[in-house]
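**Q** Numbering (full-length UniProt numbering), first residue to last: 1 to 236.
My structure is below; once you've seen it, I'll send some questions.
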Amino acid sequence: MKLALVSTFTLTIVLTGCSIPTAPTAVSPLNGIFTEPVGRSGATLINNGSQVSLGIVYSQNTQTNRAYLRDYQANAGTGFGQSLLVQPIHDAYVATSKPDLAVDWVKTSLQRQFGSVTVYPDMQSLRAAKPDVMAVVDTRSQLITSRSSDIQSDVSADFYDKNFNYLGTAQGHDAKALSPVWADYKRSEEIVADINEQQNVQVRALQKFDQSLSDLLTTSSKEISKLDSKTEKKFY
């Protein structure tokens, strides 16, 4: 047998060994973060620059998403990745499910805009540190499984001033619906190309986040309010 085509035998190995987890259900980015109502800040612009400290915490979605991606990679390695016939496919699954891709990207983006960026384990630690600006980073991914070839990636950062008043949100989203990855007419190269779209979708969402962040930091609070009203931004 050759790698040119994924045979019925190979397909059976792949699917019977596949225990890839499905994406966890998303919750509010602020779930478990704030226990009191959050108001809107009266600031004209979000304070940023080399003299401004930013403290961030990861939302429950972000923490769950990183665990989901670690599980996804682990299953790719021990489930359907064992046959030499599907090794390139196994490698593609592992390469496109990096658990820290989103958080590392977002942190780097924020470091370009603020003097210091520190990640805190929880809101209590963040409150005690009293940075100039705070942000809740929320990331979510939906990757390919044996039952679905729909891919989606969402990333956002909700910003607050030192008094915990809402300043604005930077966000990025991308999605793609593929034909069934495991259709029996697909060559292994085509399957690998489809799987690689997982990373492309994640990167495009992050690029959109970068643009949104740039726009947010140069937009007045009046304009931010208009944008938030269109997306029905809710405070908690």
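All residues carry an ideal CB built from backbone N, CA and C; glycine is no exception.
(1) Can you find the residues in the same chain that come closer than 6 Å, C-beta to C-beta, to Q199, ignoring five residues on each side of it along the sequence?
(2) Out of T145, N48, D104, I89, state which residue places its alpha-carbon closest to the alpha-carbon of S179.
(3) Please check the pair V181 and S149, which I expect to be a contact at CB under 8 Å, by giving their CB distance rounded to whole angstroms.
(4) According to the Cβ coordinates, are H173 and A135 closer than 8 Å?
(5) With DSSP run on the structure shown, which of helix, strand or coil describes I151?
(6) Please report the residue range of the alpha helix (DSSP H) in which L126 lies.
(7) Just reading off the alpha helix (DSSP H) that Y120 is part of, what are its end residues?
(8) Helix, strand or coil for T62, going by three-state DSSP, please let me know.
(9) Measuring alpha carbon to alpha carbon, tell me which of Q142, G115, D215 ends up nearest Y68.
(10) Is the beta carbon of N47 closer than 8 Å to that of V117?
(11) Do I56 and V155 have their C-beta atoms within less than 8 Å of each other?
(12) If I'm right that V192 touches P88 with Cβ under 8 Å, what's the distance once you round it to whole angstroms?
(13) Using only CA atoms, which one of N165, E197, P131, R140 lies nearest to Q51?
(14) To the nearest angstrom, report how far apart I33 and F159 are at their CA atoms.
(15) Would you identify the three-state DSSP class for S53, choosing helix, strand or coil?
(16) Below 6 Å CB to CB, which residues in the same chain sit around A157 once its five sequence neighbours on both sides are set aside?
(17) Relative to the alpha-carbon of L54, which residue among T25, D161, W105, T22 has its alpha-carbon at the smallest distance?
(18) Quick one: give me the first and last residue of the alpha helix (DSSP H) that S138 is part of.
(19) Please state if the CB of A92 and the CB of I195 are separated by a distance shorter than 8 Å.
(20) Could you tell me which residues DSSP pairs with D174 in its beta bridges?
(21) Got a sec, what are the start and stop residues for the alpha helix (DSSP H) Q207 sits in?
(22) Measuring straight from C-alpha to C-alpha, what distance separates N61 and T25?
**A** From the atom records:
(1) Here residue 199 refers to the residue found at position 199 when the sequence shown is read from its first residue. Once the five neighbours on either side are set aside, the close Cβ partners of Q199 are T96.
(2) Here residue 179 is taken as the residue at index 179 of the sequence shown, counted from 1. Minimum Cα distance to S179 is reached at T145.
(3) Translated into positions along the sequence shown, residue 181 becomes position 181. Translated into positions along the sequence shown, residue 149 becomes position 149. Between V181 and S149, the beta carbon gap of about 5 Å places them in contact (Cβ cut-off 8 Å).
(4) As a first step, residue 173 is located in the sequence shown; it is residue number 173 there, counting from the start. As a first step, residue 135 is located in the sequence shown; it is residue number 135 there, counting from the start. Cβ atoms of H173 and A135: not closer than 8 Å.
(5) Counting from one through the sequence shown, the residue named residue 151 turns up at place 151. Looking at I151 - three-state DSSP - the assignment turns out to be strand.
(6) Walking along the sequence shown from the start, residue 126 turns up at place 126. Unbroken alpha helix (DSSP H) run through L126: 123-129.
(7) As a first step, residue 120 is located in the sequence shown; it is residue number 120 there, counting from the start. Element bounds for Y120: n/a, residue is neither H nor E.
(8) The residue you call residue 62 lines up with position 62 of the sequence shown. Taken through DSSP and simplified to helix, strand or coil, T62 comes out as helix.
(9) Against the sequence shown, residue 68 aligns to sequence position 68. Shortest Cα-Cα distance from Y68 to any of Q142, G115, D215 involves Q142.
(10) Here residue 117 corresponds to residue number 117 of the sequence shown, with the count starting at 1. Here residue 47 corresponds to residue number 47 of the sequence shown, with the count starting at 1. In this structure, V117 sits away from N47, with a CB-CB distance that is not shorter than 8 Å.
(11) Counting from 1 along the sequence shown, the entry for residue 56 is found at position 56. Counting from 1 along the sequence shown, the entry for residue 155 is found at position 155. Inclusion of I56 and V155 in the CB contact set at 8 Å is not warranted, their separation being larger than that value.
(12) Residue mapping note: residue 192 aligns to position 192 of the sequence shown, counting from 1. Residue mapping note: residue 88 aligns to position 88 of the sequence shown, counting from 1. Between the beta-carbon of V192 and that of P88 there is about 5 Å, and that keeps the pair under the 8 Å contact cut.
(13) Here residue 51 refers to the residue found at position 51 of the sequence shown. For Q51, the nearest C-alpha among the options comes from P131.
(14) Position 33 of the sequence shown, counted from the start, is the residue given in the question as residue 33. Position 159 of the sequence shown, counted from the start, is the residue given in the question as residue 159. Computed Cα separation, rounded: 13 Å.
(15) Looking up residue 53 in the sequence shown gives position 53. Of the three classes helix, strand and coil, the one that applies to S53 here is strand, per DSSP.
(16) If you number the sequence shown from 1, residue 157 lands on position 157. Taken in chain order, the residues that qualify are A135, V137, A170.
(17) Position 54 of the sequence shown, counting from 1, holds the residue named residue 54. Shortest Cα-Cα distance from L54 to any of T25, D161, W105, T22 involves D161.
(18) To locate residue 138, count along the sequence shown from 1; it is residue 138. Before going further, note that residue 138 is Asp rather than Ser in the sequence given. Following the DSSP letters along the chain, one finds D138 in no alpha helix (DSSP H) but inside the beta strand (DSSP E) bounded by residues 133-142.
(19) Counting from 1 along the sequence shown, the entry for residue 195 is found at position 195. Counting from 1 along the sequence shown, the entry for residue 92 is found at position 92. Going by C-beta atoms, I195 is nearer than 8 Å to A92.
(20) As a first step, residue 174 is located in the sequence shown; it is residue number 174 there, counting from the start. BP columns for D174 point to S153.
(21) In the sequence shown, residue 207 corresponds to position 207, counting from 1. 188-216 is the extent of the alpha helix (DSSP H) around Q207.
(22) Here residue 61 corresponds to residue number 61 of the sequence shown, with the count starting at 1. Here residue 25 corresponds to residue number 25 of the sequence shown, with the count starting at 1. Their backbone Cα atoms lie some 9 Å apart in a straight line.
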